[in-house]
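Residue 221 is where the sequence shown ends in full-length UniProt numbering, and the numbering goes up by one at each step.
C-beta atoms are modelled at their ideal positions from N, C-alpha and C, and glycine is treated no differently.
Read the structure below first, then the notes.
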Amino acid sequence: MYQHRNLCGDRIDLPVGKVVCIGQNYQDHIAEMKSQVAAEALFFIKPATALADLTQPVAIPLHHGAVHNETELAVLIQTPLCKASAQQVAPAIWGYSLALDLTLRDIQTELKRLGRPWEIAKGFDGACPVGPFVPQAQVKHPQQLDFSLTVNGELRQSGTTATMIRGIHQMISEMSHWFSLQPGDIVLTGTPAGVGPLQPGDRLVLQLADLLHLNTEVVAA
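Printed below as a string of structure tokens:
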């Protein structure tokens with residue numbers, strides 16, 4: 001069962017809550033998906049049951065079409081936020097990690113075509129593998145963090161928080177006006193270009209600046 005953990009693998013004393021995500025927060029990803037920039041932020045939620053440990057093999061379903069990687073900076077919340085200002089966000093953050101916003105792309109595309117909600121494409125069990133969290137005090141410039149995903153030795157995604165359409169504090173402030181954030185909730189901050197299908201046997205390397213380096217593999221659920 002998933003638990004929040006720090007870099008040493010020790011359990012963080014926070015409950016496991018929901019995951020609140022933002023879509024379309026990097027211009028290059030909007031372009032690759034042939035979408036358009038909207039004035040309002042696109043927020044959605046993954047349930048706690050979607051969480052999985054990214055230091056363990058990433059289990060993907062095999063019978064629902066393509067499963068795409070979306071590599072994102074993850075933010076762990078430690079104190080409640082409700083209708084918070086951007087200035088109130090920083091003290092509420094425990095720390096940062098990387099996560100995969102796994103997406104059943106074929107199912108999402110069809111649900112979009114039908115004009116239906118697409119939660120099942122984003123919120124299935126295991127749809128949010130997340131790594132250990134780096135304490136906020138160790139992250140000097142969260143608004144300028146580079147991160148990447150390598151698949152089988154080839155760079156697939158590379159991004160920096162500096163190019164987000166909505167920065168971390170602004171984004172979480174806006175989220176808190178729709179969804180109250182509770183201790184133990186995780187915020188996913190959007191993905192850059194480079195999404196693509198994963199297959200069992202793929203070897204993944206995720207890097208967050210010089211703060212976090214993860215090696216894992218993809219297996220069949």
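- Counting the other CB atoms within 10 Å of its CB gives G115 a total below 16, which places it among the exposed residues.
- Secondary structure at Q199: coil, using DSSP grouped into helix, strand and coil.
- Its Cα nearest to that of Q24, the residue M171 stands out among S176, M171, E110 and G201.
- A straight line joining the alpha-carbon of Q27 with that of P197 spans about 20 Å.
- Separation of W178 and H68 (C-alpha to C-alpha, rounded to the nearest whole angstrom) is 27 Å.
- By the Cβ criterion, the stretch 95–111 is in contact with the stretch 128–144, since at least three pairs of Cβ atoms, one from each stretch, lie closer than 8 Å.
- Secondary structure within the stretch 131–205: the beta strand (DSSP E) runs of 3 or more consecutive residues, fully enclosed, are 146–151, 154–160 and 186–188 (chain order).
- Ranking L7, Q3, M1 and Y2 by CA distance to the CA of P135 puts L7 first.
- Sorting H169, F124, V205 and K18 by C-alpha distance to the C-alpha of S148 places V205 at the top.
- Assigned with DSSP and collapsed to three states, D101 falls in coil, not helix or strand.
- Within the stretch 22–50, the complete alpha helix (DSSP H) segments at least 4 residues long are 27–32, listed from N- to C-terminus.
- In this structure the stretch 53–60 does not lie against the stretch 149–162, because fewer than three pairs of beta carbons, one per stretch, are closer than 8 Å.
- Within a 10 Å sphere around the beta-carbon of S176 sit 16 or more other beta-carbons, which makes this residue buried.
- Taking all protein chains in view, the Cβ of K34 is surrounded by fewer than 16 other Cβ atoms within 10 Å, so the residue is classified as exposed.
- The residues Y96, L98, L145, F147, T161 and T189, in chain order, have a CB closer than 7 Å to that of L73 in the same chain once the five nearest residues on each side in sequence are set aside.
- With a threshold of 16 other beta carbon atoms within 10 Å, G201 falls short and is exposed.
- The beta carbon of P142 lies closer than 7 Å to those of Y96, T161 and I168 in the same chain, with the five residues before and after it left out.
- With respect to H29, A193 sits close: the two C-beta atoms are nearer than 8 Å.
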